[in-house]
Structure formats: structure tokens, C-alpha cells
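The opening residue of the sequence shown carries number 24 in our numbering; numbering runs sequentially from there.
The block underneath contains the structure these notes are about, expressed in C-alpha cells.
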Amino acid sequence: MNLSKRANGIYYIYYFQLNGKRTCISTGTKFKTEALKFLSDFQEEIKKRNLSKVIPKTILEFRYEYASYSESVHRPKTTKRINSILKEFAEYFNNPQLSEIDMKQINSYLQHKAKVSSYTAQQHLAYLRSAFKKAQTDGYILSNPFESVSNFKIPEKQPLFIDETSFHCLLRVIDNTDIKHIVTFAVKTGLRLMELITLEWKQINFRDKYLILDNNNHTTKSKKVRTIPLTIEAMQILVERESTRNSDYVFTFDNEKIKPESLSKRFKKYVVKAKLNPKLKFHSLRHTFASWLVQRGVSIYQVSKLLGHANVETTEIYSHLRAEDLRSAINVLNN
């Protein structure tokens, strides 16, 4: 909504109606102070008119609706997290109407979460911003109050990965062939845990030595189809498992589908047994895959494609491993 003076000297107010159509109204005056007073009164009147058209809905009521929507577009883990954050946000303010949330409340809540960490505060902000955008679309609020909130600056952390010597130590303590196969395959392909345990034989092309993640069995994080070329070692694992296959899934435990929690716990036990960094997780194998590639001179762009990142900026967390690039840059000063 803005004030503009026409050629006749009279001030007009230009604004958008709820249907998105731009229109105007005359203030009936040529004096700016009077026009500004008219604008202030008009803004309050428009707000009252619009609020009368908003569908009343508490945050917890909306939470259940949003959960159904989230299940259709997000991974189960994401839906669960969003559900938890909406519940926490609602309870923090004693479950108000969606339309009652203002900047003062938002800042109070985010400052409360920032005491935990800036990462936690940013995660809550991102999920709440997305949820309130849907609430706006559904007619529960006129505008999304989270849109004007700036993102938190997250301190950059180096990805935790395993060096080659430590990785061989890890393999030596793994006494289960199924686990040894999936751990090695993870390092050789960079697949995420869920991509591995939902991988089916029909996704493997033995002739051309690649696998394809097609979003049919498991929706990838970026929701994009990607093809992963297979190394000799990865192919050897597949050939060995294919000779005794009795399931549609490539990787199983005792011929049963692998549960992600079970695999994560078993991996942790082997990490401890090998006396490696206890902070290492199964996801660290994906970081290891990327780190080894970067250390061998593979470009960040190519690594990004193999990992299936939506943009190359995400992959740049591994760029510090290319120390020789920086050394080459500094060496120009020696000339």
C-alpha cells in the first residue's frame, strides 16, 4: 500500500485487494499531512475488513492439517520434526490463533531457541516459515509473519569423515558380512542410509556398471533422479550378493529388510570397537566418499552431482580439503 500524488495534485492510495488485483482510492486532499492521516485510517479499516475474512484456526488445529499435507511432500523424518516444532511453538504461547502471531512473539520464541544453538533456531525458523506459508495459502492468515525474519548465521563446520587407514581398521572389526558389505558400498557410492537400505536389484545395471536412484522405491532428498557409476569393489560386492540373493533388496540382515535404527546402532558399536572417533555416524560414510574424491582432485561440481545435492554450494563444505589449490594460487607470488 503506497501513497501517490496525481497530476491534479490530489493524493491517492494504491493497494492490492485479497484477489491480487491492484486498485486505488482518492484521499480527497492535496495536503500530504491530511493524506497520511487518511492512509493510516484506511490501513486500519482494510485490516479489519480482511481479518473478518480470515478463517479462525489455532496452531494445534492447523498442526494436524499440516501433518497430512507434509506426509505427501516430505520425508517421514521431516514430517515428524515439523509436527514436533509446531507443537512446541503452539505450547510456548498457550496455543493462540494463527492470525494472532506477531513479530514480537516470533522474536521471543527464536531467541529462546537460539539459547540452545543458532542451528536449532534456524531449523525452527525454516520449518515455521514453511508451515505459515501454507496457512496463508489456506486462508488462515493474511500474510506470513515469518517472511520478514532474517535467517540465522550458522557457523561452518567441517564434515566428519574417516581417513583410509582408519577405514581399514573399521572393516577389520566388522564381523558381519552384511554390514561389511553395506559399509564398504556406502563409502564407494556416497549413498544415503535410506537410499542404501531401499536399493533394489532392478536399480542395478550390471552391464554398464552403474545404479540409478529413480525415486520409485525411496524419494531422494533433492527429489532428482541420479545415476551412480560403480567402482570395481562396489561391483564385486554386488556380484557376491547377487549369487545368493533371495530378496528384492540388495542389502539385508539375515535375509530381512534393514531397519535404519538398527544399522545406525550396529555401526556405532563397530566404531567404538575400532577405537575411532565416537562422533562418527553412518552418515559419515557419505562424507568420507566425498572427502576422498575431493582429496584425489575431483572437482566440487562433479562431487556435487554424485552426491545429488540440489546446488553446488552445499558441496563446498569439502573445499577445504583441496589445499593444493590454495597452494597453487599462492605460488603465483613466487614468480
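Idealized CB from N, CA, C, for every residue including glycine.
None of these values were measured; they are calculated from a predicted model.
**OP:** Quick one: using the 10 Å Cβ neighbour count with 16 as the cut-off for buried, is Asn117 buried or exposed?
**Re:** Mapped onto the sequence shown, residue 117 falls at position 94. Burial call: exposed.
Original post:
What does a CB cutoff of less than 8 angstroms around Ser285 pick up in its chain, not counting 5 residues either side in sequence?
Top reply: To locate residue 285, count along the sequence shown from 1; it is residue 262. Hits under 8 angstroms: Phe276.
Subject >> Nearest neighbour of Pro168, chosen from Gly162, Pro182, Gln181, Leu151 [CA to CA] >> reply: As a first step, residue 168 must be located in the sequence shown, where it is residue number 145. Per the Cα distances, Leu151.
Subject >> Three-state secondary structure assigned by DSSP to Leu15 >> reply: No answer is possible for residue 15: the residues shown for the chain start at 24 and end at 358.
**OP:** Work out the CA separation of Ile185 and Leu236 for me, nearest whole Å.
**Re:** Your numbering for residue 236 matches position 213 in the sequence shown. Your numbering for residue 185 matches position 162 in the sequence shown. About 25 angstroms.
Original post:
At a Cβ threshold of 9 angstroms, is Met24 touching chain C?
Top reply: Reference to chain C is not applicable here, since this structure consists of a single protein chain.
Original post:
Assuming Ser15 and Tyr38 make a contact with CB atoms under 8 angstroms, what is their CB distance in whole Å?
Top reply: Outside the shown range of the chain (24 to 358) lies residue 15, about which nothing can therefore be said.
Original post:
Going by the beta-carbon positions, is the gap between Pro182 and Ala297 smaller than 9 angstroms?
Top reply: Start at 1 with the first residue of the sequence shown, and residue 182 comes out as number 159. Start at 1 with the first residue of the sequence shown, and residue 297 comes out as number 274. No.
Subject >> Tyr324 (DSSP reduced to helix, strand or coil) >> reply: In the sequence shown, the residue the question calls residue 324 occupies position 301. Looking at Tyr324 - three-state DSSP - the assignment turns out to be helix.
Subject >> Three-way DSSP call (helix, strand, coil) for Lys44 in this model >> reply: For the purposes of this step, residue 44 is identified with residue 21 of the sequence shown, where counting begins at 1. Lys44 falls in the coil class under three-state DSSP.
Subject >> Extent of the continuous beta strand (DSSP E) run through Ser27 >> reply: Start at 1 with the first residue of the sequence shown, and residue 27 comes out as number 4. Where Ser27 is concerned, the enclosing beta strand (DSSP E) stretches over 25 to 28.
Original post:
Taking DSSP as the reference, what is the three-state secondary structure of Leu236?
Top reply: As a first step, residue 236 must be located in the sequence shown, where it is residue number 213. Strand at Leu236.
**OP:** Could you tell me whether the Cβ atoms of Ile82 and Gln134 are closer together than 9 angstroms?
**Re:** Here residue 82 refers to the residue found at position 59 of the sequence shown. Here residue 134 refers to the residue found at position 111 of the sequence shown. Against a cut-off of 9 angstroms, the Cβ pair of Gln134 and Ile82 comes out as no contact.
**OP:** Within the segment 161 to 222, note down every full alpha helix (DSSP H) run reaching 4 residues or more, in order along the chain.
**Re:** 187 to 196, 200 to 212, 216 to 220
Original post:
Assuming Tyr272 contacts Thr250 under a Cβ cut-off of 8 angstroms, what Cβ separation, rounded to an integer in Å, is found between them?
Top reply: On the sequence shown, residue 272 is found 249 positions in, with the first residue counted as 1. On the sequence shown, residue 250 is found 227 positions in, with the first residue counted as 1. That pair is no contact at about 20 angstroms.
Original post:
From this set, Lys100, His97, Met24, which residue's C-alpha is nearest Glu68's C-alpha?
Top reply: As a position in the sequence shown, residue 68 is number 45, starting the count at 1. The shortest C-alpha to C-alpha distance from Glu68 to any of Lys100, His97, Met24 is the one to Met24.
**OP:** Could you name the residues that DSSP lists as bridge partners for Asn228?
**Re:** Residue mapping note: residue 228 aligns to position 205 of the sequence shown, counting from 1. Bridge partners of Asn228: Tyr233.
**OP:** Could you check what DSSP says for Ile251 in three-state terms: helix, strand or coil?
**Re:** Sequence index remark: in the sequence shown, residue 251 carries index 228 (1-based). Note: Ile251 maps to strand in three-state DSSP.
**OP:** Could you tell me whether the Cβ atoms of Tyr324 and Val317 are closer together than 9 angstroms?
**Re:** Your numbering for residue 324 matches position 301 in the sequence shown. Your numbering for residue 317 matches position 294 in the sequence shown. Going by C-beta atoms, Tyr324 is not nearer than 9 angstroms to Val317.
Original post:
Just the Cα atoms here: how many angstroms apart are Ser91 and Ser266?
Top reply: Locating residue 91 in the sequence shown gives position 68, counting from the first residue. Locating residue 266 in the sequence shown gives position 243, counting from the first residue. Each residue's alpha carbon lies about 42 angstroms from the other.
**OP:** Kindly give me the distance between the Cβ atoms of Ile129 and Val172, rounded to whole angstroms, as I take these residues to be in contact under 8 angstroms.
**Re:** Here residue 129 refers to the residue found at position 106 when the sequence shown is read from its first residue. Here residue 172 refers to the residue found at position 149 when the sequence shown is read from its first residue. Rounded, the Cβ-Cβ distance is 6 angstroms, consistent with contact.
**OP:** Starting from Tyr293, follow the alpha helix (DSSP H) in both directions and report where the run begins and ends.
**Re:** Start at 1 with the first residue of the sequence shown, and residue 293 comes out as number 270. That run of the alpha helix (DSSP H) goes 283 to 296.
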